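Only one structure is covered here, and it is reproduced in the block below.
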Amino acid sequence: MTSIQLLYTALTAYACGAAASLLVARSNRLARFASFGFPLLGALLGIAASLTALVEGTAESAAVASGVPLLEYSVRLDSLSAFFNLALSVLAGAISTYSFGYVAGLPSKSAAILGFFYNVLLLSLTLVFTASNVFFFLIVWEVMAGAAYCLVSFDHGKQETRQAGILFLIMSHAGTALLLLGFLTLASSTGSLSFSAYHHAGGKLPELQRGAVLLLFFFGFGVKAGIIPVHIWLPAAHPVAPSNISALMSGIVIKTGVYGIVRVFFYFFDIVPVWAGTLVLAAGVTSALLGVLYALMEHDLKRLLAYHSIENMGIILIGVGSGLLFRAFERPNLAAVAIVAALYHTLNHAVFKGLLFLGAGSVLHAVHTRNMEQMGGLIRRMPFTAFGFLVGAVAISGLPPLNGFVSEWLTYQALLAGFGATGSLTRIMFPVTGALLALTSALAAACFVKAFGITFLALPRSAEAAEAREAPLSMRFGMGVLAAGCLALGLGATWFLPLFDTVTEQALGVRVSSGLVTADGWSLNAGGAVSTAGIAVALTLLAPIPALLTLLWKRGGDRRTGPVWDCGLPGLTAANQFTATAFSKPLRMVFSAVYRPRREIQADFEVSPYYPRAIRFESEIEPTFEKGLYNPLRSAILAIADRFRAIQAGSVHAYLAYIFVTLILLLVFGARA
Amino acid sequence: MTTASLLPALMQLALLLAIAPLTGGVMRIAKARFQTRRGPGILQPYRDLHKLLKKGMVIPDTASWLFGAAPYVVFLSSLLAGLMIPMVAADAPLSFFGGVLAVVYLLGLGRFFLALGGLDSGSSFGGLGSSREMTIAALAEPAMMLAVFTVAIGAGSTNLSTVAHAALGQSWRFFAPSQMLAFAALLIVLIAETGRIPVDNPATHLELTMIHEAMILEYSGPYLALIEWGASIKQLVLMTLLVNTFFPFGLSPAWAAGGLPASLVWYVLKLLLLSGVIVLIETTNAKMRLFRVPELLAVAFVLGALALVSTFLF
């Protein structure tokens, strides 16, 4: 079958899943098989379709007339679409498997509803990545947002969930409004609603319009991507969704923003002005750094992961932004390396963030809280989940030899080479970005030491944590697939890179994998060589040395288990263990200019303040963006709406008059045109 | 990998394992002499390791398998990082497995697991140490990267063998402002990363210092030996990076029997000199308060940025 036929079968599988899950809503078991069996099939077909398209490098398209003017159901599967579909399908496969076990405890009707929207979301995501008609794109974009809203609000009994859902919906629609304006500008200048007419069309726009279009698309897609400052919905909405949905949201739904930015900036525009590339780069650095800084302050396991999604979107945008700049400096090969770095990180993030959210889901399933301060000791009760989460943590911290290291390494190399790409003083920007990326990734490592250490290690901090049970087989299998993905994408980087060839060829006209992979296929080569497989092999080969050392000397020594020494303090309990708040305290003080922390301590004592009877401690950081940007904005909108209330008097006669005036005005305009 | 590259790898491995503790010993005795003490003798680190390896160990009953895995990861990652940098010959044995970025991130891998090991026992001291170690490492990272980038941009590669060859070609470029600034930045990072005064005090492990030594408080016996040995290898790796990148004098271009003895002598001399500098800093400074350390690292960051700017201004 050709790639597009495979894509159709995948879409059919998702559609069947949606329909079937509602049909068999009576039985939980059947509903689960329908809701997650079909998308598993769809995911496998999607992988096949994407790989076919990526390897062949063709851009197949198909269209169905809709009967509605201006709308055409047209899809086009070029390499960029195929790549994003690959990331989607891999993640969807793992999540579908996980979900079999995850929704087992739900009432059958809820499971069926979850399954229905899950399938609709997958269907619309696939179409978002492939639609090639403006209106069709906007429709599936909105279907995606609607399905995501329903899934986020799934647990709608809670106030927090409802608020997060509404915030998501509002932000999402604001973004769509910007996109609509951008598309309309393009449509009016090209006279077409087909994406293929827009390819290379952006450059022909007049200067001012071009700038406006770039800004509209950047912020329109940026909302979905969760870049700072339009990110506030993300840490609210991702945690409250069921965990399998959180994994899908953080893993791939936010990537639709990246897809849009890459599609517009690289395909619709032959070249974008330097300022636009700089904007993307700056947004990337800001999101990466602030994202990880906010993540460090979270003790809600899922909110922490959500903030890390912002950080990783930042890292991806650093790649995209530098790619744009290198293209502007007429260095297509370098631009291709930057794009490969960004896309590789996109795929990697889908895999490791999916894994981490699924791990968090298993923990939640067992402990019934998202608060890390109530966890602890889970590595003993849930060894498999702990190991999976550890793999994800190492990968997201960019440590070798896993996949996060590969894409961050590529990003560093692109930035370093960028220093030589131009003679102007702007080149200092690239190494400084690299240094800030290093700070980001070191802070991410600190954050995941906290997340893993407090959640899984030491003594359980609550009765639930002490009684936690390991996740069922299907959930472990879903996590296992993604953990294996982290390993494969890390060690086998040289095998995966040729997949990007057709993408860069269609976007920039160059292939870079043969230059990136050394002749023996063993290591990557871009301004220096690295071999993750080599590192893994070398670590294995060196492993006997410490083992031998300890064996050789061991003669008299024995190994026994005893109480924690703790500098001589006896009786360690969960209460005097190190907490997540305490762990992040040094960074809270170092970056107090960013956090503006506030704390309040109240101690009740009888004799001396040194012997308190009870202490109440409260600490919070200032939500800068909510306070400085969104609250004034909200007050302004409410104030304006208040003024408009005057004309909304509730009198039918007044409304009829408005309609009449509007009609007359439209007629006048119509007659003039 | 062929036998031709296997022999250098084995030689460098032996060198790393053998002289890493010695460097610590030299520094300890030099510090004692500066303070007009006699000091413990240059071989004390070996005696310590021997003693620790011989002893039994107590594993906290709260700890998991990670507690035991961390020492191995620390030891192995430092060792592998050591094989990627040029020590006595400009061709590092495993430089085709990764350059300076891989070295930095491998050391990061060791730190990640050690910090988890610190949290694993549940003791507050372990958590305290882990938290501070990760904080300081994170703040040192950007300064380190800027300095490293300056060097890499000068050589056109992040591969340390290429960097060393490029440096060999122009021995007197140390006086270039960019090199001097980058060296200063890396020296500060070295002090922070290896936990020396004024950032941390390697000689004690109680309340006053509370970074690295607090993190490994619960370790004993062979595990502690592996951590100590790993830490000394990490220190040697960073010192070697500093001396061979900025002062490539005497570095033999390849692993040829003829040039090696001379380059080994040079290498030891350079290490001694750098140890002297570090000890001098250690004796003439008091340990900083923890929250003054970020300022020191900010200085390193600025030095690194200036180094980078001066690569194209001068």
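In order, the protein sequence lines correspond to chains A and B.
The working numbering puts the first sequence at residues 1 to 673.
The working numbering puts the second sequence at residues 1 to 314.
Using N, Cα and C, we set each Cβ at its ideal position, and we do this for glycine too.
As the structure is a prediction and not an experimental result, all values here were calculated from the model.
Enumerate in chain order the residues of its own chain whose CB-to-CB distance from A445/A is below 8 Å, with the five nearest sequence positions on each side excluded.
The residues are S397, G398 and L399.
Can you check which of these residues, S110/A, I4/A, A31/A and G105/A, is closest to T58/A by C-alpha distance?
Considering only alpha carbons, the answer is I4/A.
Where do the N-terminal and C-terminal ends of the beta strand (DSSP E) with Y611/A fall, by residue?
Element bounds for Y611/A: n/a, residue is neither H nor E.
Looking at chain A, is there any beta carbon in it that lies within less than 8 Å of the beta carbon of N159/B?
So yes, N159/B belongs to the interface.
With C-beta atoms as the reference, is A92/B less than 8 Å away from L160/B?
Their beta carbons are under 8 Å apart, which means A92/B touches L160/B by this criterion.
How is the beta strand (DSSP E) around Y73/A delimited, first residue to last?
Segment E72 to L77, the beta strand (DSSP E) holding Y73/A.
Taking only runs that begin and end inside the segment 108-140 of chain A, name each unbroken alpha helix (DSSP H) of 4 or more residues, in chain order.
For the segment 108-140 of chain A, whole alpha helix (DSSP H) runs of length 4 or above, ordered along the chain, are 108-130.
Closer than 8 Å is the cut-off here; do at least three beta carbon pairs connect the segment 293-310 of chain B with the segment 189-200 of chain B?
Counting Cβ pairs under 8 Å, three or more are found: they touch.
According to DSSP, what are the bridge partners of V517/A?
In the DSSP output, where bridge partners are listed per residue, V517/A has L524/A.
For S619/A and L296/A, what's the separation of their Cα atoms in angstroms?
One C-alpha to the other measures close to 14 Å.
According to DSSP, which residues form a beta bridge with A603/A?
For A603/A, which the question treats as bridged, DSSP gives the partners I615/A.
Would you please state the rounded distance, in angstroms, between the beta carbons of G350/B and F67/B? I believe it to be under 8 Å.
Outside the shown range of chain B, which is 1 to 314, sits residue 350/B, and nothing can be said about it.
Restricting to Cα atoms, I'd like to know which of S246/A, S35/A, F195/A and I254/A is closest to G175/A.
Residue I254/A is the option with its Cα nearest to G175/A.
Would you mind stating whether L674/A and T130/A have Cβ atoms separated by less than 8 Å?
No answer is possible for residue 674/A: the residues shown for chain A start at 1 and end at 673.
Could you give the distance in angstroms between the alpha-carbon of S78/B and the alpha-carbon of G24/B?
Going from the Cα of S78/B to the Cα of G24/B covers about 16 Å.
Along the chain, where does the alpha helix (DSSP H) containing A20/A start, and where does it finish?
Segment S3 to L23, the alpha helix (DSSP H) holding A20/A.
Would you say S130/B lies against chain A (beta-carbon separation less than 8 Å)?
S130/B counts as touching chain A.
I need the DSSP call for F301/B, collapsed to helix, strand or coil.
Three-state result, F301/B: helix.
Which residues in chain B sit within 9 Å of G534/A, going by Cβ to Cβ distance?
Result: M1, L94, F96, F97 and G98.
Quick check: the segment 152-168 of chain B against the segment 595-607 of chain A, are there 3 or more CB pairs under 8 Å?
Touching, no, given that fewer than three Cβ pairs across the two stretches are closer than 8 Å.
Start and end of the beta strand (DSSP E) containing M372/A?
Note, M372/A: premise wrong, no beta strand (DSSP E); not H, not E.
I want to see whether chain A comes within less than 8 Å of A166/B, judged by CB atoms only; does it?
By this cut-off, A166/B is not an interface position.
Taking only three categories from DSSP, how would you classify M1/B?
Confidence at M1/B is low in this model, with a pLDDT of 47, below 50, so its placement is unreliable and the value that follows should be read with caution. If DSSP states are grouped into helix, strand and coil, M1/B belongs with coil.
Quick one: is I95/A near chain B, going by C-beta distance under 8 Å?
For I95/A, the answer is no, since every Cβ of chain B falls outside 8 Å of its Cβ.
Grouping DSSP H, G and I as helix and E and B as strand, with all else coil, what is M84/B?
M84/B: coil per DSSP, three-state reduction.
Take T286/A and list the residues in its own chain whose beta-carbon comes closer than 6 Å to its own, dropping the five residues that flank it on each side.
Cβ within range, chain order: I228.
Does DSSP classify T675/A as helix, strand or coil?
Shown here, chain A extends from 1 to 673; a query on residue 675/A therefore has no answer.
Classify K627/A as buried or exposed, calling it buried when 16 or more other Cβ atoms lie within 10 Å of its own Cβ.
By the neighbour-count rule (16 or more Cβ atoms within 10 Å), K627/A is not buried but exposed.
Considering only C-alpha positions, which residue in the set I29/B, A14/B, L6/B and L17/B is nearest to T283/B?
For T283/B, the nearest C-alpha among the options comes from I29/B.
Per DSSP, what are the beta-bridge partners of E60/A in this structure?
According to DSSP, which records beta bridges pairwise, E60/A is partnered with L77/A.
I'd like to know if I396/A contacts chain B, where contact means its C-beta is closer than 8 Å to some C-beta of that chain.
No, I396/A does not count as interfacial toward chain B.
Would you kindly work out how many angstroms separate the C-alpha atoms of M1/B and V530/A, rounded to a whole number?
Because M1/B carries a pLDDT of 47, less than 50, the predicted location of this residue cannot be relied on, and the following value inherits that uncertainty. Spanning the two alpha carbons is a distance of roughly 15 Å.
On the premise that L41/A lies in contact with G354/A, defined as a C-beta separation below 8 Å, what is that separation, rounded to the nearest angstrom?
With a Cβ gap of about 19 Å, G354/A and L41/A do not count as contacting.
Name the one or two DSSP bridge partners that A529/A has.
DSSP, once it has assigned bridges, lists N525/A as partnering A529/A.
Please list, in chain order, the chain B residues whose beta carbon lies closer than 9 Å to that of V564/A.
The contacting residues are P60, D61, T62, A63, S121, G122, S123, G126 and E218.
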